[in-house]
Structures are given as structure tokens and as C-alpha cells.
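Number of protein chains: 2
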Amino acid sequence: MRVVIFGGAGFLGKRLANELLIKGGLSSGPVNELLLFDKSIPENFITDSRVQCIEGDFGDESVVRNILTTSPDLIFHLAAVVSGEAEKNFDLGMQVNLNASLSLLEICREIELKPRLVFASSCAVFGGDVSKPIVDETAPIPRSSYGTQKAVIELLINDYSRRGFIDGRSLRLPTIAIRPGKPNEATSSFVSSIIREPLNGETAICPVPIETEVWVQSPKSVTFNFIHAANIDESELGGNRIITLPGSTVSVNEMVECLGEIGGELATSLIKWEPDEFLQSIVLTWPPHFNVARASQLGFIQDKSAGEIINVYIEEEGPFK
Amino acid sequence: MRVVIFGGAGFLGKRLANELLIKGGLSSGPVNELLLFDKSIPENFITDSRVQCIEGDFGDESVVRNILTTSPDLIFHLAAVVSGEAEKNFDLGMQVNLNASLSLLEICREIELKPRLVFASSCAVFGGDVSKPIVDETAPIPRSSYGTQKAVIELLINDYSRRGFIDGRSLRLPTIAIRPGKPNEATSSFVSSIIREPLNGETAICPVPIETEVWVQSPKSVTFNFIHAANIDESELGGNRIITLPGSTVSVNEMVECLGEIGGELATSLIKWEPDEFLQSIVLTWPPHFNVARASQLGFIQDKSAGEIINVYIEEEGPFK
Chain Y
1 MRVVIFGGAG
11 FLGKRLANEL
21 LIKGGLSSGP
31 VNELLLFDKS
41 IPENFITDSR
51 VQCIEGDFGD
61 ESVVRNILTT
71 SPDLIFHLAA
81 VVSGEAEKNF
91 DLGMQVNLNA
101 SLSLLEICRE
111 IELKPRLVFA
121 SSCAVFGGDV
131 SKPIVDETAP
141 IPRSSYGTQK
151 AVIELLINDY
161 SRRGFIDGRS
171 LRLPTIAIRP
181 GKPNEATSSF
191 VSSIIREPLN
201 GETAICPVPI
211 ETEVWVQSPK
221 SVTFNFIHAA
231 NIDESELGGN
241 RIITLPGSTV
251 SVNEMVECLG
261 EIGGELATSL
271 IKWEPDEFLQ
281 SIVLTWPPHF
291 NVARASQLGF
301 IQDKSAGEII
311 NVYIEEEGPF
321 K
Chain S
322 MRVVIFGGAG
332 FLGKRLANEL
342 LIKGGLSSGP
352 VNELLLFDKS
362 IPENFITDSR
372 VQCIEGDFGD
382 ESVVRNILTT
392 SPDLIFHLAA
402 VVSGEAEKNF
412 DLGMQVNLNA
422 SLSLLEICRE
432 IELKPRLVFA
442 SSCAVFGGDV
452 SKPIVDETAP
462 IPRSSYGTQK
472 AVIELLINDY
482 SRRGFIDGRS
492 LRLPTIAIRP
502 GKPNEATSSF
512 VSSIIREPLN
522 GETAICPVPI
532 ETEVWVQSPK
542 SVTFNFIHAA
552 NIDESELGGN
562 RIITLPGSTV
572 SVNEMVECLG
582 EIGGELATSL
592 IKWEPDEFLQ
602 SIVLTWPPHF
612 NVARASQLGF
622 IQDKSAGEII
632 NVYIEEEGPF
642 K
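Those protein sequences? They're chains Y and S, same order as listed. Under this note's numbering, the very last position in the first sequence is 321; numbers go up by exactly one each time. Under this note's numbering, the very last position in the second sequence is 642; numbers go up by exactly one each time.
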């Protein structure tokens, strides 16, 4: 089968690509061609005869149309302007996260054999009253433009699927932690920073109070869940293609304690507590408590604890110091 | 103040216009100019020196932009491709209900003094499991393209309002009954037909089983609610500009009984029971039970009963025979 990953050179896109290559296939057949599309892709990004890398602008309809002339069987759509950037640059967020995503759906509609599409949505579609737990039936009332744009595309993927134009699935991703590398423009970036930077002997800024709780999932689990979403049969999903992934509720305090157990006071002292009004205005509206039975019933997986999430990171990215 | 009604020559648009003219103003001031925009407007539609009628295509951005050069203080957006038509003609529904509505928001964003915008959304944003009552927190999972397009614009109006580009309010309209005139392409058109046509001595087709329940509101109440929506202060709405109007749950059977009480067996015998698969595939996914406290708290009104709804119709449109 032919697989395309939009956003294929991003952190999650690369993990997903590698996992697909290791597995060799999905429930519907072996992966013969894997096309990775992103705005820039390092040389020798992934060396595998099945992989082709194409650089381009996801916002350019003709570029996306050109990619899809190969009539892929499966598309992962991870291309996005991240939350902080979409909040600061409204037009760019609308252009990429909404208009270009809608354009992708329209191009998919032209493909004769309807492609399966796995869309990286976000738990940032929720916002507001953080005291009530989110259940599968809770209405998304985003408190960010990023969350709004994701919620819009989820609705459209449901309708395009209902009409038989595509076979879509939207996964609402929790905050992904711990991300390796550098901080990015995601408003949740600090969740990774406060562990990653101290383990590297560097300072990190925590912009929210220590009692703040977040809803997180490890890169390992989310990669499993992306592939699982691609493997589920359409008949299992019924009329709703939206799945809120089963993250874990973790407080900043718990994360700092786990960091202390591993790196001692030296590590925790590297966290600088600097409240940031802009980040708080978004992050503190994300509900950290969920009761999402549907994802578990459908076989999506969850991390066990903050400790496990940090240990997985150390295992994968360590050793440190 | 300057007021624009997109869809101003439609049944609700005209009622709203007349009501505004009778009232003479809103909480924020007198209505000095009332611009009615629609694709076609009869001659001498409303004769009032404050009224200007403009015909045009809501899907044409330049036309809408031209209308908004007057920098209106208040905009009612009732322009839409109705549910049945949007289901049959996907491209047209997307063009008008989604793209042109988004374009309207973008043009509003350019207006220096942010306009108040009242959007006619629909309870068709809900669908699926009709056994559970809809509450204010229930996620819209539309089972029609029309419902999807309305749900998308609601989300965008929330975000455009949050960002201060507009001061928006989205009203989720129940099925409006009883509409005078002719049946239209709305999938709910039969709800009016089964009362209106027999009262006129004509046959009507009921495409759903007699035990079917619907969530309805009278034209009189919905017109009140539109004006009420325009009068509410922004501060009362908080972060969520979406209001599910308080309709009434009425069964087809109840309506037929009320019709019988008024018109006797002669009237009820004019209803032909002809199941329609297409209409049922949409109408029977509309939940008829709601528990929407927020609208009542905000002062929106509800009809008392099926009898009242029919009697209001007879009062306004009769006498019959």
C-alpha cells in the first residue's frame, strides 16, 4: 500500500514513519511506498528504499494535489501551525490549519478509491471550565484559534467520511511529553522542557504554577495510537470518527518530583518559575481531567504514570550527563 | 444604528425586519438604516424609509464586501442553503453555508468598530443517538452536511468573538413551525406542511412515522429570540457565544390531534402517510429532547405547547376555509 505522511519530518511524523517501516505494514497490507512531506526535510532523513521525501508548502494546494496524484491508500495528516504560533499569527493558522486542511479533504474527495485519513487533532479543542471532567460527549469550546481550527476539521472529516468521500479518523492528541530536541512554539512546550532541559544540565522555564495539571501522552504511546487508528475497521467507528486519546493526568509537581528522584536537587533547581501571562491564558483553560471510555474500548493505549513517561524518555533519549 | 439582514427576504428575515421596524430600535439605539440583502427580493417588499433592499449572491465575496462598506453596527446572518438542498448539493452547501459565511466573518474583521453579529445556526448540528436529551454541554455530531456547516461557523464565530474581531452570537434554531407559504427544500418542511396544507384544504405528505417527535419553535418566538440575542450584553455570554434555543418537544401525533380539534376529520384525512427514506435518514437523527438551561437563564423564550404553536399560526395567517 501507498502511505503519505503530511508533516512527515516533524517529531511525531518521523517516529510514525520509522514505526511503519519496522512493522512493515498495516492490517490492510504491507507498506510498499512511504512518502514523507514537510516544509523542510534534512538530507538522509530516513534511508529506506520504500521512503520518498518531498519538501513543500502544505498551504499550497497545487503541491498537495501533486502529492496525491499517486492515489495513496492511507494518509496521515500531521501538518500544522502549532498552538502558540496560530494564536500569535491568526492568518497563518487559518491558512494552514483550516484552509489547507479543508483543501486536502477536497483533493482526497477526487481520489477514486477513497483513502483512509488519520488526522492529528488536539485536546486543545477543549477549554474553559477545567474543573469538570471531559467525557466523550462533551462539546469542544476551544479557547484558542488552534483548538478552533482543529475542531472545525474534525467536524468536516466526520461529514466527508459520512458521505463516503474519505475514510477518516481524527485523534485528539493530549500534550505530547517528553519531546526530545528544542522547545517549540507550542504553548505546551514547557511540559517537555521542565524535564528535558534539567536532564541535559540546562535551565528550563516553567510558566505555570506548580499545582497545574496537564493531560499528557508519551511519544511512544501516541505513535502506537496513530498506527492503531489506521488499523481500525471503519465499521467500528459508527457515525463519529473523533477519538479523544486516553492521556494521563499529571501535575507539574509530580513531574518535578520524578525529576528529583532521577536527577536530584541539582536537576530540579534548574527549573525557573517565571509566570507567563500569554501561556497561562491558553494552557490554564485546558481541562486536565478526562473520562474517555470510547478510546479504551477501541483499543487505544494509555501511559501508566508520570514516572513511566519520564522513564520511557530516558530509555529512548538517554543516557544523560 | 445601521442594521443588515443577510437573508432578509426569507420568511424569518422579513418577520425580523418588520419587528425591528415596529420596535424602532434595540438596546443600543434606534434603527436608522435597515439593509435587507437576499438573492431575490419582491418589489415593494417593505415600504419604510429606513429600509433599503439589495439583491445579490451571498456566495460572491465582492458583493458582501460592498454591503459592509457601510460599517453596520449589527448584522443578522440568516443566509443559507437549506438542509435538504445542502445534503443533495454538497458543493453548493459548502460554498454558501461554510465558505461564504467564513468570508463574511473575514470582512467583518476588517470593520474598525467591531459589529455585533447574530448567526442563525440550527439544532441540526445534533444527530445520532436521539434517546439522550441534549444539554448545553453536548458535543454536536451532525448527521447532515448542513448541520456540519452550521457547527463549523459557530466555532469560528466563537473564536472571532474571543479575539475581538466581532461580537458574535450563534442561535441554534429548532425546526420553525408553522411556516406559512409553500413547502421548501428543508428536510423539516413537512412539520409545517402537515398543519398548513390541511388548513388550506390541501393534501400534505408526512414522510415520518406518527410517533416521531420534533423540537420546534414558532416563528413568533424565534423572532423575539433573534432580537433578544441582539440586545444581550457581551459580558453575559462569557467565552461561549452559542445558544441552543428553547424549543418544545412535540410529536407528529400531537400535532395531528391539534389539527383534528380545529379542522376535524376532514383536515386530518388530508395528511398522506408516505415514508421517505432520504428525509427519514436525516430527520430521524435529530434529537427531539433537550434540556437547555442556558437559553432560559439568558432570557430566551419558549412556546407553551403544540396547541399554542398552531393557534398562533391560525391567528397570524388565518382565517382558513
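The C-beta atom is built at its ideal place from N, Cα and C for all residues, glycine as well.
Its Cα nearest to that of residue 4 of chain Y, the residue Y/75 stands out among Y/75, Y/63, Y/45, Y/170.
Residue 365 of chain S is classed as exposed because its beta carbon has fewer than 16 other beta carbons within 10 Å across all chains shown. For residue 243 of chain Y, no CB of chain S lies under 8 Å from its own CB, so it is not counted at the interface with that chain. The three-state secondary structure of residue 335 of chain S, taken from DSSP, is helix. Annotation: residue 327 of chain S is outside any alpha helix (DSSP H); the continuous beta strand (DSSP E) that includes it extends over 323-327. Boundaries for residue 294 of chain Y: no beta strand (DSSP E) harbours it, while the alpha helix (DSSP H) harbouring it runs 293-297, taken from the DSSP string.
Straight-line measurement puts the Cα of residue 166 of chain Y at about 26 Å from the Cα of residue 141 of chain Y. When only Cα atoms are considered, residue 203 of chain Y and residue 256 of chain Y end up about 13 Å apart.
Along the region 477-509 of chain S, going in chain order, the ones with a CB nearer than 8 Å to a CB of chain Y are 477, 479, 480, 483, 484. Distances from the CA of residue 605 of chain S to each of S/402, S/357, S/459, S/464 were compared; the closest alpha carbon is that of S/464. Residue 172 of chain Y is not a Cβ neighbour of residue 107 of chain Y, given a cutoff of 8 Å.
Interface with chain S (8 Å Cβ-Cβ cutoff): residue 143 of chain Y is included.
Here residue 349 of chain S carries a coil assignment [DSSP, helix/strand/coil]. Separation of residue 408 of chain S and residue 84 of chain Y (C-alpha to C-alpha, rounded to the nearest whole angstrom) is 36 Å. Closest option to residue 114 of chain Y, judged by alpha-carbon separation, among Y/73, Y/218, Y/294: Y/73. For a cut-off of 8 Å, the C-beta gap from residue 529 of chain S to residue 568 of chain S is around 17 Å, too long to register as a contact. Residue 582 of chain S and residue 638 of chain S have their alpha carbons spaced roughly 18 Å apart. Uninterrupted alpha helix (DSSP H) stretches at least 4 residues long and entirely within the region 508-556 of chain S occur at 510-520, 540-552, given in chain order.
When C-beta atoms of the region 295-312 of chain Y are compared with those of the region 377-386 of chain S, fewer than three pairs fall below 8 Å, so the two segments do not count as touching. DSSP lists Y/36 as the beta-bridge partner residues of residue 53 of chain Y.
Using a Cβ-Cβ distance cut-off of 8 Å, the region 438-452 of chain S and the region 488-507 of chain S are in contact, since at least three pairs of beta carbons, one from each stretch, lie closer than that value.
In this structure, DSSP gives residue 58 of chain Y a state outside helix and strand, which the three-state scheme calls coil. Around residue 447 of chain S, no beta-carbon contact reaches into chain Y at under 7 Å, the shortest distance being about 10 Å. With respect to residue 156 of chain Y, residue 469 of chain S sits close: the two C-beta atoms are nearer than 8 Å.
Residue 284 of chain Y sits in coil when the DSSP states are folded into three classes, being neither helix nor strand. The three-state reading of DSSP puts residue 176 of chain Y in strand, counting E and B together. Less than 8 Å separates the beta-carbon of residue 243 of chain Y from that of residue 298 of chain Y.
Taking a Cβ-Cβ threshold of 8 Å, the residues of chain Y close to residue 411 of chain S are 163, in chain order. By the Cβ-count criterion, residue 278 of chain Y is exposed, with fewer than 16 other Cβ atoms from all chains shown falling within 10 Å of its own Cβ.
Non-local beta-carbon contacts of residue 254 of chain Y in its own chain, meaning distances under 6 Å to residues more than five positions away in sequence, involve 306 in chain order. For residue 368 of chain S, no CB of chain Y lies under 8 Å from its own CB, so it is not counted at the interface with that chain.
Contiguous beta strand (DSSP E) elements confined to the region 388-441 of chain S occur at 395-398, taking only those with 3 or more residues. For residue 151 of chain Y, the C-beta contacts it makes with chain S under 8 Å involve 476, in order along the chain. Within the same chain, 624, 630, 633 come within 6 Å of residue 539 of chain S by CB-CB distance, once the 5 residues on both sides are set aside.
The three-state secondary structure of residue 599 of chain S, taken from DSSP, is helix. Under the DSSP assignment, residue 251 of chain Y falls in the beta strand (DSSP E) whose first and last residues are 248-251.
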